[in-house]
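Peer 1: Below is a structure I'd like to ask you about.
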DNA sequence: AATACGGGGGG
DNA sequence: CCCCCAGTATT
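Residue numbers (the numbering used here): 9 to 367.
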């Protein structure tokens, strides 16, 4: 009934055995380079393994170490991050690389307190890097571990951080002192692939002998599903303005949503406003001159966590000249667009433009 | 304790 | 359409 005696030992060896036999092959597995592992952990924050893999590979060719990242221009760093989301992570990575170069001789600090001072490094990332790169026995609690351990320990309720203290208290004496990195990754990968939110694969689970939820038949009850707010639907209009072979783009203000990225000027349509009227109003506000000769180009849908945008793109001309004091504006050639970081919605529109030019 | 912060894949 | 992901910083 309780997790006493040999249970924790069985739990640990079951996990390690599963990991040795069943682990996936991932680009950041098999390296001990603290820089590479740090970058991988930042990329993996709230982001699926599959999404991260190509970004990680490309990143390591562009910025193979902290020094190269520290001296890279922000635009290039954000461009390498384009499409991954949570762009503050990329900015933090670059700032932290400078700190690593200036204060730690170019090496990622191996101390929990020190590494936690780096921007973007919280309790999870600190423990992950220290355990995997430096073999220090800090347990990790991510979303996968939280769900798995709530089931193992039969902790009822929603999967929220308030349970982490109890989970860490349990894991601290249980984590493998010889292979803490393997233990942590085993916990995360079993949580992700076996102990899934719904339809967990208990028959294949190495933690099943220790799992209270399984024993009591509560796998589908723990954790309790969270009620998500319905995404709000928003409609926005964007102006694709080409003049002498150059497109007008605008840098989004920082901080804020998509801060530091570039986009075509435009904005939200108001309730009883036509799209063209919205376009002219937004361009007056953002650029200092309204559009004219608007011609529908494309509609793209773009989903965020709490809302969803339908972007209506129009090719149009500018009625007058842009007013630089309204914000950061730039005329960029079609080729030049590839050097600027865009949100995924804008990137979709750029693809449509390029398709149009081919046709 | 809540909220801001992206985007895409899977059911 | 719905769910949630190898979290962190801010309020």
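C-beta atoms are modelled at their ideal positions from N, C-alpha and C, and glycine is treated no differently.
Answer with buried or exposed for residue 347, where buried requires no fewer than 16 other C-beta atoms within 10 angstroms of its C-beta.
Peer 2: Counting from one through the first chain, the residue named residue 347 turns up at place 339. By the 10 Å Cβ count, residue 347 comes out exposed.
Peer 1: Quick check on the DSSP output: the alpha helix (DSSP H) that includes residue 44 runs from which residue to which?
Peer 2: Mapped onto the first chain, residue 44 falls at position 36. Run containing residue 44: 42-51, per the alpha helix (DSSP H) assignment.
Peer 1: Which ranges does the beta strand (DSSP E) cover as unbroken runs of at least 3 residues, wholly within the segment 125-186, from first to last along the chain?
Peer 2: none
Peer 1: Throw me the rounded Cβ distance for the residue 285 and residue 327 pair, which I believe falls under 8 Å.
Peer 2: Stepping through the first chain from its first residue, residue 285 is reached at position 277. Stepping through the first chain from its first residue, residue 327 is reached at position 319. That pair is no contact at about 14 Å.
Peer 1: Could you give the first and the last residue of the continuous alpha helix (DSSP H) run that contains residue 65?
Peer 2: Along the first chain, read from residue 1 onward, the residue named residue 65 stands at position 57. Where residue 65 is concerned, the enclosing alpha helix (DSSP H) stretches over 57-70.
Peer 1: Mapping the DSSP letters down to three states, classify residue 12 as helix, strand or coil.
Peer 2: Your numbering for residue 12 matches position 4 in the first chain. Low per-residue confidence applies at residue 12: pLDDT is 46, beneath 50, and the placement is therefore not dependable enough to give any value.
Peer 1: So, are the CB atoms of residue 52 and residue 60 less than 7 Å apart?
Peer 2: Position 44 of the first chain, counting from 1, holds the residue named residue 52. Position 52 of the first chain, counting from 1, holds the residue named residue 60. Going by C-beta atoms, residue 52 is nearer than 7 Å to residue 60.
Peer 1: Between which two residues does the alpha helix (DSSP H) harbouring residue 109 extend?
Peer 2: As a first step, residue 109 must be located in the first chain, where it is residue number 101. Its alpha helix (DSSP H) spans residues 96-111.
Peer 1: Using 10 angstroms around the beta-carbon of residue 125, count the other beta-carbons present and answer buried if the total reaches 16, otherwise exposed.
Peer 2: Residue numbering aside, residue 125 sits at position 117 when the first chain is read from its first letter. That one is exposed.
Peer 1: Where does residue 198 sit, in a helix, a strand or coil, going by DSSP?
Peer 2: The count along the first chain starts at 1 and reaches residue 198 at position 190. Helix, per DSSP.
Peer 1: Can the beta-carbon of residue 1 be found closer than 7 Å to that of residue 136?
Peer 2: The chain is shown from 9 up to 367; residue 1 falls before or after that span and cannot be answered.
Peer 1: For residue 248 and residue 89, what's the separation of their Cα atoms in angstroms?
Peer 2: Counting from one through the first chain, the residue named residue 248 turns up at place 240. Counting from one through the first chain, the residue named residue 89 turns up at place 81. Roughly 24 Å between the two C-alpha positions.
Peer 1: Just confirm the distance between the C-beta atoms of residue 227 and residue 154, as a whole number of angstroms; I'd bet it's less than 8 Å.
Peer 2: To locate residue 227, count along the first chain from 1; it is residue 219. To locate residue 154, count along the first chain from 1; it is residue 146. About 15 Å; that fails the 8 Å criterion.
Peer 1: Nearest to residue 199 by CA position, among 235, 355, 17, 26, is which residue?
Peer 2: Position 191 of the first chain, counting from 1, holds the residue named residue 199. Cα-wise, what sits closest to residue 199 is 26.
Peer 1: Give every residue of the same chain whose Cβ lies closer than 8 Å to the Cβ of residue 239, excluding the five residues on either side of it in the sequence, and list them in chain order.
Peer 2: Numbered from 1 along the first chain, position 231 holds the residue referred to as residue 239. Here the set comprises 311, 312, 313, 314, 315, 316.
Peer 1: With which residues is residue 255 paired in a DSSP beta bridge?
Peer 2: Locating residue 255 in the first chain gives position 247, where the first residue counts as 1. Answer is 250, 340, bridged to residue 255.
Peer 1: List the endpoints of the continuous alpha helix (DSSP H) containing residue 326.
Peer 2: Translated into positions along the first chain, residue 326 becomes position 318. Residue 326 -> not in any alpha helix (DSSP H); beta strand (DSSP E) instead, spanning 315-326.
Peer 1: Find out if the Cβ-Cβ distance for the pair residue 324, residue 299 is shorter than 7 Å.
Peer 2: On the first chain, residue 324 is found 316 positions in, with the first residue counted as 1. On the first chain, residue 299 is found 291 positions in, with the first residue counted as 1. Yes.
Peer 1: Please go through the same chain and pick out, in chain order, the residues whose beta-carbon is closer than 6 Å to the beta-carbon of residue 22, but skip the five residues on each side of it.
Peer 2: Working through the first chain from its first residue, we reach residue 22 at position 14. Take residue 22, set aside five residues on each side of it, and the residues of its chain with a beta-carbon closer than 6 Å to its own are 214, in chain order.
Peer 1: Report the three-state DSSP secondary structure of residue 274 (helix, strand or coil).
Peer 2: As a first step, residue 274 must be located in the first chain, where it is residue number 266. The answer is strand: DSSP assigns residue 274 an E or B state.
Peer 1: Less than 8 Å between the CB atoms is what I'm expecting for residue 66 and residue 80, so what's the real figure, rounded?
Peer 2: One-based indexing of the first chain puts residue 66 at position 58. One-based indexing of the first chain puts residue 80 at position 72. Between residue 80 and residue 66 the Cβ distance is about 13 Å, and since that is not below 8 Å, they are no contact.
Peer 1: Which same chain residues end up closer than 6 Å to residue 209 when comparing Cβ atoms and leaving out the 5 residues on each side of it in sequence?
Peer 2: Walking along the first chain from the start, residue 209 turns up at place 201. Hits under 6 Å: 202.
Peer 1: Have a look at 148, 189, 149, 276 and flag the residue whose alpha-carbon is nearest the alpha-carbon of residue 24.
Peer 2: The residue given as residue 24 occupies position 16 in the first chain. It is 189 whose Cα lies nearest to the Cα of residue 24.
Peer 1: I need the DSSP call for residue 242, collapsed to helix, strand or coil.
Peer 2: The count along the first chain starts at 1 and reaches residue 242 at position 234. Strand at residue 242.
Peer 1: Apart from the five residues just before and just after residue 234, which ones in its own chain have a Cβ nearer than 6 Å to its Cβ?
Peer 2: Working through the first chain from its first residue, we reach residue 234 at position 226. Cβ within range, chain order: 166.
Peer 1: Around the Cβ of residue 192, are there at least 16 other Cβ atoms within 10 angstroms (buried) or fewer (exposed)?
Peer 2: On the first chain, residue 192 is found 184 positions in, with the first residue counted as 1. Under this definition residue 192 is a buried residue.
Peer 1: Could you please give the first and the last residue of the uninterrupted beta strand (DSSP E) stretch that includes residue 304?
Peer 2: Indexing the first chain from 1 puts residue 304 at position 296. Residue 304 -> beta strand (DSSP E) spans 299-311.
Peer 1: Is residue 216 helix, strand or coil by DSSP?
Peer 2: Along the first chain, one-based indexing puts residue 216 at 208. Residue 216: helix per DSSP, three-state reduction.
Peer 1: Residues in its own chain within less than 8 Å of residue 270 by CB, not counting five upstream and five downstream?
Peer 2: Residue numbering aside, residue 270 sits at position 262 when the first chain is read from its first letter. 257, 258, 259, 260, 338, 348, 349, 350, 354, listed in sequence order.
Peer 1: Inspect the beta-carbon positions of residue 275 and residue 290 and report whether they are closer than 7 Å.
Peer 2: In the first chain, counting from the first residue as 1, residue 275 sits at position 267. In the first chain, counting from the first residue as 1, residue 290 sits at position 282. Cβ distance < 7 Å, so residue 275 and residue 290 count as in contact.
Peer 1: Can the beta-carbon of residue 46 be found closer than 7 Å to that of residue 116?
Peer 2: On the first chain, residue 46 is found 38 positions in, with the first residue counted as 1. On the first chain, residue 116 is found 108 positions in, with the first residue counted as 1. Yes.
Peer 1: Pull up the distance between the alpha-carbon of residue 305 and that of residue 283, whole angstroms please.
Peer 2: Translated into positions along the first chain, residue 305 becomes position 297. Translated into positions along the first chain, residue 283 becomes position 275. Distance between the alpha carbons of residue 305 and residue 283 is about 13 Å.
Peer 1: Give the range of the alpha helix (DSSP H) segment to which residue 74 is assigned.
Peer 2: On the first chain, residue 74 is found 66 positions in, with the first residue counted as 1. Unbroken alpha helix (DSSP H) run through residue 74: 74-78.
Peer 1: Considering only their Cβ atoms, is the gap separating residue 104 from residue 72 smaller than 7 Å?
Peer 2: The count along the first chain starts at 1 and reaches residue 72 at position 64. The count along the first chain starts at 1 and reaches residue 104 at position 96. No. Outside cutoff.
Peer 1: Quick check on residue 32: does DSSP put it in helix, strand or coil?
Peer 2: Within the first chain, the letter at position 24 stands for residue 32. It is coil, neither helix nor strand.
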